[in-house]
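> Residues 1 to 249 in the numbering used here are what the sequence shown lists, from first letter to last. No residue lacks a Cβ here, since even glycine has one placed at the ideal position from N, Cα and C.
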Amino acid sequence: MRKLVVLPVALAVAGVAAAPASAQTMADEVEMKFTSKAAIFPKKAGTKRNPRGVRLKGQLKVETITQGVEKPIVTGGEVLIPKGGLWNGAKYKKCSGAKMDREKTADVCPKASIMGAGKGVAWADNVNAAPEVQFVNGGAKRLWAFTTLYRPALVQKSIAINIKKLRSKRWAYRAAFKVPQVLQVVAGVPVTLASFNFNIGGKRYAKELLATTSCPKSKKHPYQATAFYKFADDSTRKQSWKGSVRCTR
């Protein structure tokens, strides 16, 4: 009886020993580089009593370092906004993503709800999809990014950037978004982001959409941006960049 018990145990141990190591995924193997830079205008900070409205200018870059592999799709992103920053979407005119999607344009929204714009480079095979974005106020907890891709087919879709106030000693808000599937793959071709430049805020009709109430002793507001990737084998990964925005007191 003892031999009968020992035999299957021995076989199980041998099987474990002989089992191959788990296969590496593209998320494990492909080297990526994600960078960001940002600036605010004006740089002089406001106070809690008198917030100062600012325009935010920024750039994101995504680079696939590993050669000879398919570039990943960026499926979403997140930005942690520091203490000393304010989001005042509730104070100004707003619009809905459903309305823009139905009419296929942001022109149906109140002009005073348009809060900025952006342009980028995104590859569909060897063709630049040429993404263009209009940023539209969605209220207290949302900013819309109405996105147009021109190639390999015309696609227009709003992306919800959800803004959550945080209870944190360092961070004031989390702004997070997911890229809709119709913008990830167009006409059967994956769309891979390479760079994106944007301006948000600073409009005369919404002067304090984005505002500052302080500037650290370092004269730099820290922030953290994160990109979420999906690779050709469906494996996923995220990558963060820690940056700062200069300010004066």
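Starting from the N-terminal side, write out each stretch of the alpha helix (DSSP H) that is 4 residues or longer and does not extend beyond the segment 76-133.
Within the segment 76-133, the complete alpha helix (DSSP H) runs of at least 4 residues are 97-103.
> Where do the ends of the alpha helix (DSSP H) carrying A27 lie?
Counting along the chain, the alpha helix (DSSP H) containing A27 begins and ends at M26 to E29.
> Can you tell me the Cα-Cα spacing of G84 and P216, whole angstroms?
Whole-angstrom Cα-Cα distance: 8 angstroms.
> By Cβ distance below 6 angstroms, which residues in the same chain neighbour M100 in space, the five residues on each side in sequence not counted?
The residues are A106, F146 and S158.
> So, do the segment 204-222 and the segment 69-88 have three or more beta carbon pairs nearer to each other than 8 angstroms?
Yes, the segment 204-222 touches the segment 69-88.
> When burial is assigned at 16 or more other CB atoms within 10 Å of the CB, is K33 buried or exposed?
K33 is exposed by the Cβ-count criterion.
> Hey, A112 and Y92 are a contact pair by Cβ (cut 8 angstroms); roughly how many whole angstroms apart?
Sure, about 7 angstroms apart at Cβ, within 8 angstroms.
> Thinking I65 and R55 are a contact (beta carbons under 8 angstroms), I'd like their distance in whole angstroms, please.
Not really, about 33 angstroms apart at Cβ, beyond 8 angstroms.
> Round the Cβ separation of N197 and G120 to the nearest angstrom and send it over; I've been treating them as touching at under 8 angstroms.
Yes, they are in contact, since the Cβ atoms of N197 and G120 sit about 7 angstroms apart, within 8 angstroms.
> Looking only at C-alpha atoms, which of G243, V136 and G138 sits nearest to P222?
P222 has its Cα closest to that of G243, out of G243, V136 and G138.
> Is there contact here, the segment 225-235 with the segment 137-153, by at least three beta-carbon pairs under 8 angstroms?
Too few Cβ pairs lie closer than 8 angstroms, so no.
> Taking the runs of the beta strand (DSSP E) that are 3 residues or longer, which of them lie wholly in the segment 163-235?
Runs of the beta strand (DSSP E) inside the segment 163-235: 171-178, 189-201, 210-212 and 220-230.
> Could you tell me the boundaries of the beta strand (DSSP E) in which I40 lies?
Segment M32 to F41, the beta strand (DSSP E) holding I40.
> Measuring only the C-alpha atoms, how far is E103 from C109?
E103 and C109: Cα-Cα distance of roughly 10 angstroms.
> Would you check if the distance between the CB atom of G77 and the CB atom of A227 is smaller than 7 angstroms?
In contact: G77 and A227 (Cβ atoms closer than 7 angstroms).
> I'd like to check one pair, A225 with A36: are the Cβ atoms closer than 7 angstroms?
Reading off the sequence, residue 36 comes out as Ser, not Ala. Yes, the Cβ-Cβ distance between S36 and A225 is below 7 angstroms.
> On the premise that K44 lies in contact with T248, defined as a C-beta separation below 8 angstroms, what is that separation, rounded to the nearest angstrom?
Indeed, because the Cβ distance is near 5 angstroms, the residues count as touching under 8 angstroms.
> In angstroms, rounded to a whole number, what distance separates the CA positions of L149 and I114?
Going by the C-alpha atoms only, they are around 19 angstroms apart.
> Determine, using beta carbons only, whether K71 and S195 come nearer to each other than 7 angstroms.
Not a contact, by the Cβ cut-off of 7 angstroms.
> What are the residues that DSSP puts in a beta bridge with L149?
BP columns for L149 point to V155.
> Look at P131 and A122 and say whether their C-beta atoms are less than 7 angstroms apart.
Yes. Within cutoff.
> Which one or two residues does DSSP pair with E63 in a beta bridge?
Answer is K33.
> Please say whether A160 and A187 have beta carbons closer to each other than 7 angstroms?
Going by C-beta atoms, A187 is not nearer than 7 angstroms to A160.
> If you reduce the DSSP assignment to three classes, tell me which class N50 lands in.
Three-state result, N50: coil.
> Got a sec? Which residues, its chain only, sit under 7 angstroms from M1 by beta carbon, not counting five neighbours each side?
With a pLDDT of only 48 at M1, under 50, the local geometry of the prediction cannot be trusted, and no value is derived from it.
> Buried or exposed for S240, going by 16 or more other Cβ atoms inside 10 Å?
Exposed is the call here.
> Where does V245 sit, in a helix, a strand or coil, going by DSSP?
It is a strand residue.
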